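Each step along the sequence shown adds one to the number in the numbering used here, with nothing skipped, and position 23 is 27. Positions of the beta carbon are idealized from the N, C-alpha and C atoms, including for glycine. What you are looking at is a predicted structure, and each value in this text was computed from that prediction instead of being measured.
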Amino acid sequence: MKGVTWLWGLAARLRAKLWNPIRRLWLGRVAGSLNSMVRSIEEVLYRPEVGNHVMATTLLSPATVVRYDVGRGFPPWFRREKAFDARNLYLLRDVFMGSRTGQIWTPGGALFAESVGSPYRILGWEQGFDEIMLQGAAIPVLSEVPVVASPPAGYFHWLMEVLPGLIAALEHYPEATVLLHPNSPGYVSEALQLLSERDTDRTHRETIVSPIPVRACRAVLPGREAYSGFIQLEDVERIRESLRVSHGSRAHRLIYVSRRGTTRRSLENEPDVEAELERRGFEIIRAEQLTLRAQIELFSEARVVIGPHGAGLANLVWCPAETRVVELFPAGIFNDCYARLACVRGLSYWPLECAPSSSSHGIVPISKLRKVAVAAMKGQDGAVSPFGIFREDRG
Numbered sequence: 005m006k007g008v009t010w011l012w013g014l015a016a017r018l019r020a021k022l023w024n025p026i027r028r029l030w031l032g033r034v035a036g037s038l039n040s041m042v043r044s045i046e047e048v049l050y051r052p053e054v055g056n057h058v059m060a061t062t063l064l065s066p067a068t069v070v071r072y073d074v075g076r077g078f079p080p081w082f083r084r085e086k087a088f089d090a091r092n093l094y095l096l097r098d099v100f101m102g103s104r105t106g107q108i109w110t111p112g113g114a115l116f117a118e119s120v121g122s123p124y125r126i127l128g129w130e131q132g133f134d135e136i137m138l139q140g141a142a143i144p145v146l147s148e149v150p151v152v153a154s155p156p157a158g159y160f161h162w163l164m165e166v167l168p169g170l171i172a173a174l175e176h177y178p179e180a181t182v183l184l185h186p187n188s189p190g191y192v193s194e195a196l197q198l199l200s201e202r203d204t205d206r207t208h209r210e211t212i213v214s215p216i217p218v219r220a221c222r223a224v225l226p227g228r229e230a231y232s233g234f235i236q237l238e239d240v241e242r243i244r245e246s247l248r249v250s251h252g253s254r255a256h257r258l259i260y261v262s263r264r265g266t267t268r269r270s271l272e273n274e275p276d277v278e279a280e281l282e283r284r285g286f287e288i289i290r291a292e293q294l295t296l297r298a299q300i301e302l303f304s305e306a307r308v309v310i311g312p313h314g315a316g317l318a319n320l321v322w323c324p325a326e327t328r329v330v331e332l333f334p335a336g337i338f339n340d341c342y343a344r345l346a347c348v349r350g351l352s353y354w355p356l357e358c359a360p361s362s363s364s365h366g367i368v369p370i371s372k373l374r375k376v377a378v379a380a381m382k383g384q385d386g387a388v389s390p391f392g393i394f395r396e397d398r399g
């Protein structure tokens, strides 16, 4: 038995050794391998294959530990703290930039994990490395004007994880051109228009639309958090300030963010939920059917927001500080990204878990929903205290 196991191990090692050179010859130097991934550009600037491509480094935010004071009423699986590494903004020379993922890599094969298209994310999504294979067909951008990527992504991920870096890049390099993919959602172009309206010196932002990577003479890389769903206060403030959120609006609207038209994380009794909340004066909205400007205006006047876990709750970023939030968690599904967003914004927050269902992702307990909705409308904190946050500098 040991001999058979040894032979199988030997065969596996031989296959790997034979496959590696074939893969690199066929797919390119960096495709399918993380050996050349650069976790932190700043840490390896001494290496010529990296340092020769870096023209300037600007600190965006220092290393920080954020603790979320969620209170004893929350289950233990709500995360209480997060350590953020320092984030830099880099001006690079002669690099490849993907329009679909935003990943950036050098001709020599150094793949930058701090780019929008972090390899950690790409591995989790099981897609994206194919963009590197198009390196030979990349479009050259010879202009000295730097290029910054704004790849397409779902509403939450684009708004909270792509947009802050884009804004920071344009603040430091206002002349920059934005690289877009042809399949970019409408809210991407809407945000660029809103940013242009804020910039009195510019009525139109120059863009490059390409389905394949470009090879940029100059490029801007805003560092981002490697793991999805963790949002910094600086990013929230940058978004709100740059897209001109009205701070003087009266918080009076009662909003239910419906997912009835979607199949992912659908709720079996959502029509009953909507009927119950409509009787109490709630507006039933489908966020994906609204323009970005309309979502900003709507949520900036919210007094109470209720909705199932989903991208529509990313609009909590626009809410006034007095807004109260109720998030409905489908049975067996948990992600505390909106709880942390509510915490960063200083909003009061209730989680409500749905009961299991054999035909959907859960059934909302109407009696519990009614109780928490009434408490939120009355401005009560109920059994769960509002979130709080404090920060601790780490260096």
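- With a 10 Å radius around the Cβ and a threshold of 16 neighbouring Cβ atoms, H57 comes out buried.
- Assigned with DSSP and collapsed to three states, I216 falls in coil, not helix or strand.
- Of the residues R83, S40, Q107, the one whose Cα lies closest to the Cα of A220 is Q107.
- In the structure shown, N339 adopts coil according to DSSP, grouped into three states.
- DSSP places I259 inside the beta strand (DSSP E), whose first and last residues are 257-261.
- Nearest neighbour of Q139 by Cα position, chosen from L167, T110, V149, turns out to be T110.
- The Cβ atoms of A223 and L93 do not sit closer than 7 Å to each other.
- One thing to note: V240 has its Cβ no nearer than 7 Å to the Cβ of V120.
- For secondary structure counted as the alpha helix (DSSP H) over 4 or more consecutive residues, the stretch 154-199 holds these complete runs in sequence order: 167-176.
- When DSSP states are grouped into helix, strand and coil, E305 belongs to the coil group.
- Under DSSP, M41 forms a beta bridge with L115.
- L198 is not a Cβ neighbour of L163, given a cutoff of 7 Å.
- Rounded to the nearest angstrom, the gap between the Cα atoms of L356 and P217 is 43 Å.
- Closest by C-alpha distance to A379, out of C347, S364, S362, S352, is S352.
- Apart from the 5 residues on each side of it in sequence, H161 sits with its Cβ closer than 8 Å to the Cβ of S232 in its chain, given in chain order.
- Of the candidates R257, E201, F303, R257 places its Cα closest to the Cα of G285.
- Boundaries for R91: no alpha helix (DSSP H) harbours it, while the beta strand (DSSP E) harbouring it runs 91-101, taken from the DSSP string.
- The C-alpha of P189 lies about 22 Å from the C-alpha of I235.
- For K382, the three-state secondary structure derived from DSSP is coil.
- Separation of the CB atoms of F100 and E229 is rounded to 23 Å, and the pair is thereby denied contact status at 8 Å.
- Of G314, G77, E301, I289, the smallest CA-CA separation from T267 is found for G314.
- When DSSP states are grouped into helix, strand and coil, E46 belongs to the helix group.
- Taking 8 Å as the upper bound for CB-CB distance, L296 and A195 are in contact here, some 6 Å apart.
- Rounded to the nearest whole angstrom, the CA to CA distance from M41 to G113 is 8 Å.
- Look at the stretch 307-366 and you find these whole runs of beta strand (DSSP E), each 3 residues long or longer: 328-333, 352-357.
- H208 counts as exposed, since fewer than 16 other beta carbons sit within 10 angstroms of its beta carbon.
- Contact between R242 and P168 holds, with the beta-carbon distance rounding to 5 Å and staying under 8 Å.
- DSSP, read as helix, strand or coil, puts L373 in helix.
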